[in-house]
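Chemist: The structure that follows is given in the form of structure tokens.
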Amino acid sequence: MNVRLWLLLILGLCSLGSAATDPQAVLKAIVDNQRGGSVRATLTLSVTRPDRQTQYVLEVVSDGNQRALSRVKAPAREAGQAFLRVGDNIQIYNPTLKRVLRLPPSGRSDSFLGSDLSYSDLAGRDLEQDFTARISAETADNITLELTPRPQAPTPYGKVVLQARKPGFVPREVLFFDQRGQAVRKISFAQYVEVSGRSFPVQTTVEDLLRPGHRTSVIYSDYQFGVNIPESCFTVRALEAGC
Amino acid sequence: MTLKNASATALSRLAWRNLWRHRRRTLLLVLVVAYATITTVLFWGVQDGFTQSVQIGNARFLSAPALITTPQYFEDPDPEQGLPSLDFLAQVQTQPGVNAAAPRLEFPTLIRSAYTADAARARGVEPLLEARVSNIPTAIAQGRMLEKSGEVVLGRQLAERLDARLGERVVLDTSALAGPQALGLQVVGLVDSGIAPVDRGTVLVHLEDARVLTGLQTATGVALDVTRGQEARIAEALQPVLPQNLRAYDLTQLLGGLSSAIGTKQSSTFFIGMIFSLFAALAVTSTVLVSVLERTREFGMMGAIGMNPHRLAQMITLETVFATSIGWVVGLILGYALNLWMATQNVLGPVFASYGGAFEILGTGSEIYTAQSPVYALYAALTIVLAAFFSILIPARRVQRLNPAEAMRTE
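Those protein sequences? They're chains A and B, same order as listed. Counting with our numbering, you get residues 1013 to 1255 for the letters of the first sequence. Counting with our numbering, you get residues 15 to 425 for the letters of the second sequence.
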């Protein structure tokens, strides 16, 4: 192992050590795990409602931060729809119209394919940007962060409670509370894979706690992490023609 | 003095005396005319009261009595078409007829709570100035008006839909010159104006927050409080002091299609008012005609003792005018009294509310009061004019054609 790798390892360990004391650094580590870095994968989205269940299969490429391109492969009637998020800009390709439509900024919080997921859940680092973290509980195996919105932060939630497994700050559950202290939404993570030293959850379940029976699960398969995603994948051309 | 040469005074006295010789018939005539007069006064009071409600709702809540903006923004209300500068503001405030001027920055937004989201049109305002051009600050039923940035005032119905309470935070998303932007703002006031579009759609934010969200550092317009009824004249008078690329629009222009709809409604209302008067006059004429038929023998006698047919016809017309005038005066007293009561009691509000959303889009409030104007007495007088005209046309002409000898034999 050369000197450069040793240095990187030491720096990495230092950052983990400081994360244990700095709630904001813990939050960053959890979000890093949740995003998993750059990825190319197949995603199965199951939307459960009290009277029905719908399943979508999507191909996703993401740089793990602010950019992601998703294309619906199944069911046939939805196939061809594609979604490009670059920062706060979200564009949709409608294969029937053969047109690219720009979503208003509100699109960030819109329901993705009628599921309980929003575009913000799929990409972006809103938790880091909009909240201040505080460690509310910590054991040898777990850490719980309580996130409170920054002044004028664009979030309607009163607080977010985030649970992660130690070591490595692997995300387990995110609980969103309204401003009256009632839990309104829960995101749970399961089935982790190791990706460049990170534990990425390949199964995510989102529950609407105000509407029983409203649940969405997301399962990653055929994933390749840490791959080099070309810049051309995050363009309107890729949105129309694929990446 | 003979009946043949009866003077106008004598003829009037004769007609007046005849009225009270046939009290029941006269009473019927008076009642018909009084009813028509009451209806006419109320009809116009309600009509004008409703129009005023629309105008006040739009001038003081939904829009402004007058607004300075760019023609581009007027055509396409997008913050990107906003004012290039606010340098003209100080000069506008000193112009005659301008009571107050307040910059506004309006933009489309999506407002989110923890439970749901709704589209709205937000208005960025200077809190103290806005209170001088708009009634919204006085319609805040819960909480208070904005004091600083970071706050938002919502219409009560909008807040209910979002399930957002006082003190809670909502998020405003928009996209304009600054690209996609979002801000979390604390709800400090809830507006309950009784005007559905206001209570359903009001989103007041501080001008500074609106500038951060849109990236526009000026405003989209300057709302003016101007002397009521003088909006068009003052807007026109302001034009020379404004920069070349700006225009002052009065309420009529701001109302757009609604204004022409009100104009159309006014003309159709006038037509309906005419029909009221026409039917009342015809009712009077038919009563007079019956009276003439019943009094054929009496008229024959009067002709036989020397009263010429022309004078007889004049007498009939005078009787009609006297009876309708009494009915007019009685109707005016009762009509204006009822109108005054409806101008102080919200009798009409629930009536219009029962029509649901049909009137809401016009910007009327839940309280609608009748208007008062002396001109309604003139409109009602049209009944008398028409009644006199018809009585000359039909009963009086019949009397003129009477043969006294034959008439006297009539049973």
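Even glycine gets a Cβ: it sits at the ideal position worked out from N, Cα and C.
Can you find the residues in the same chain that come closer than 7 Å, C-beta to C-beta, to B/D239, ignoring five residues on each side of it along the sequence?
Modeler: Taken in chain order, the residues that qualify are P79, N113, A114, R146 and V147.
Chemist: Which residues in chain B have a C-beta closer than 8 Å to the C-beta of A/V1196? List them in chain order.
Modeler: Neighbours of A/V1196 on chain B, chain order: A128 and Y129.
Chemist: Is it the case that the CB of B/A394 approaches a heavy atom of the ligand PLP more closely than 7 Å?
Modeler: Only the bare structure without any ligand can be found here, which leaves the ligand PLP out of the picture.
Chemist: Along chain A, in chain order, which residues have C-beta atoms closer than 9 Å to that of B/R183?
Modeler: Simply P1161, Q1164, A1165, T1167, P1168, Y1169, G1170 and Q1191.
Chemist: Anything in chain B within Cβ reach of A/L1221, meaning under 9 Å, just list it in chain order.
Modeler: Within chain B, no residue comes near A/L1221; the closest Cβ sits about 11 Å away, beyond 9 Å.
Chemist: Can you give the Cα-Cα distance for A/T1060 and A/V1218, rounded to whole angstroms?
Modeler: Their Cα atoms are separated by approximately 10 Å.
Chemist: Around the Cβ of A/E1243, are there at least 16 other Cβ atoms within 10 angstroms (buried) or fewer (exposed)?
Modeler: The residue in question, A/E1243, is exposed, as its Cβ has fewer than 16 Cβ neighbours within 10 Å.
Chemist: Considering only their Cβ atoms, is the gap separating A/R1137 from A/V1043 smaller than 8 Å?
Modeler: In this structure, A/R1137 lies closer than 8 Å to A/V1043 by Cβ.
Chemist: Beta carbons nearer than 7 Å to chain B: which residues of the stretch 1094 to 1113 of chain A have them?
Modeler: Within the stretch 1094 to 1113 of chain A, the qualifying residues are D1100 and N1101.
Chemist: Between the C-alpha atoms of A/G1049 and B/T83, what's the straight-line distance to the nearest angstrom?
Modeler: So the alpha carbons of these two residues sit roughly 49 Å apart.
Chemist: Give me the Cα-Cα distance between A/T1003 and B/L124, rounded to the nearest whole angstrom.
Modeler: Since the displayed chain A opens at 1013 and closes at 1255, residue 1003 of chain A lies outside it and no answer follows.
Chemist: Around the Cβ of B/H324, are there at least 16 other Cβ atoms within 10 angstroms (buried) or fewer (exposed)?
Modeler: Classification for B/H324: exposed.
Chemist: For A/F1212, collect the residues of the same chain with a Cβ closer than 7 Å to its Cβ; drop the 5 residues on either side in sequence, then sort them by chain order.
Modeler: Within the same chain, A/F1212 has close Cβ partners N1045, G1048, Y1204, V1205 and F1237.
Chemist: Shortest alpha-carbon distance to B/E312 belongs to which of B/N417, B/M288 and B/Q86?
Modeler: Looking at the Cα atoms, B/N417 is the closest of the given residues.
Chemist: Could you tell me the distance, in whole angstroms, from the CA atom of A/P1035 to the CA atom of A/V1172?
Modeler: The straight-line gap from Cα to Cα measures roughly 14 Å.
Chemist: To the nearest angstrom, report how far apart A/P1224 and B/D177 are at their CA atoms.
Modeler: Those two C-alpha atoms are separated by around 19 Å.
Chemist: Could you tell me the distance, in whole angstroms, from the CA atom of A/V1069 to the CA atom of A/G1092?
Modeler: A/V1069 and A/G1092: Cα-Cα distance of roughly 11 Å.
Chemist: May I have the straight-line CA-CA distance separating A/Y1235 from A/A1250, to the nearest angstrom?
Modeler: One C-alpha to the other measures close to 19 Å.
Chemist: In chain A, which residues lie with their C-beta within 9 Å of the C-beta of B/G164?
Modeler: Chain A residues near B/G164: P1163 and Q1164.
Chemist: Measure the C-alpha to C-alpha separation of B/R214 and B/S339 and round it to an integer number of angstroms.
Modeler: Their Cα atoms are separated by approximately 50 Å.
Chemist: Would you kindly report the start and end of the unbroken beta strand (DSSP E) that includes A/F1237?
Modeler: Counting along the chain, the beta strand (DSSP E) containing A/F1237 begins and ends at R1227 to F1237.
Chemist: Just tell me which of B/D62, B/Q328, B/V139 and B/L76 has its CA closest to the CA of B/A233.
Modeler: Selected option, being the one with the closest Cα: B/V139.
Chemist: Check distances from the C-beta atoms of the stretch 196 to 214 of chain B to those of chain A and list, in chain order, the residues that come in under 8 Å.
Modeler: Correct list: A196, L197, G198 and L199.
Chemist: With respect to the beta strand (DSSP E) encompassing B/A136, which residues constitute its N-terminal and C-terminal limits?
Modeler: From DSSP, the beta strand (DSSP E) with B/A136 extends over A131 to V139.
Chemist: What residue from B/I398, B/Y350, B/S405 and B/V399 has the CA that sits closest to B/A385's CA?
Modeler: If we check each option's Cα against that of B/A385, B/Y350 comes out closest.
Chemist: Given 8 Å as the limit, is there contact between the stretch 67 to 76 of chain B and the stretch 221 to 233 of chain B, that is, 3 or more CB pairs closer than that?
Modeler: Output reads no: the stretch 221 to 233 of chain B does not touch the stretch 67 to 76 of chain B.
Chemist: B/R137 and B/V217: beta carbons closer than 8 Å?
Modeler: Yes, they are a contact pair.
Chemist: On the three-state DSSP scale, how would you describe A/D1153?
Modeler: In this structure, A/D1153 counts as coil in the three-state DSSP scheme.
Chemist: Note down, in chain order, each residue of its chain lying with its Cβ closer than 7 Å to the Cβ of A/L1021, except the 5 sequence neighbours on either side.
Modeler: For A/L1021, the predicted structure reports a pLDDT of 39, less than 50, and the residue's modelled location is therefore unreliable. The matter cannot be settled from this model.
Chemist: State the start and end residues of the unbroken alpha helix (DSSP H) segment that holds B/I382.
Modeler: Segment: none, B/I382 is in no alpha helix (DSSP H) and carries neither H nor E.
Chemist: Rank A/D1190, A/S1208, A/Q1078 and A/R1177 by C-alpha distance to the C-alpha of A/T1160 and give the top, closest one.
Modeler: That would be A/D1190, whose Cα lies nearest to the Cα of A/T1160.
Chemist: In this structure, does DSSP put B/T216 in helix, strand or coil?
Modeler: DSSP places B/T216 in strand when its eight states are reduced to three.
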